[in-house]
Amino acid sequence: MKQRDAKQIATELLVLQVQSADRKAFEQLYRQWTPILL
């Protein structure tokens, strides 16, 4: 395995972690605000 490949994989994993964290935060905000807005 080349070093660049390992770096690419690490970057993709980091992006996936950020996306899943964003989704959790979004769902939390959605549940919090939906009853107020509706």
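Residue numbers for the sequence shown, in the numbering used here: 368 to 405. For glycine and all other residues, C-beta sits at the position ideal for the given N, C-alpha and C.
Collapsing the DSSP output to three states places residue 374 in a helix.
DSSP, read as helix, strand or coil, puts residue 369 in coil. C-alpha of residue 377 to C-alpha of residue 391: approximately 21 Å in a straight line.
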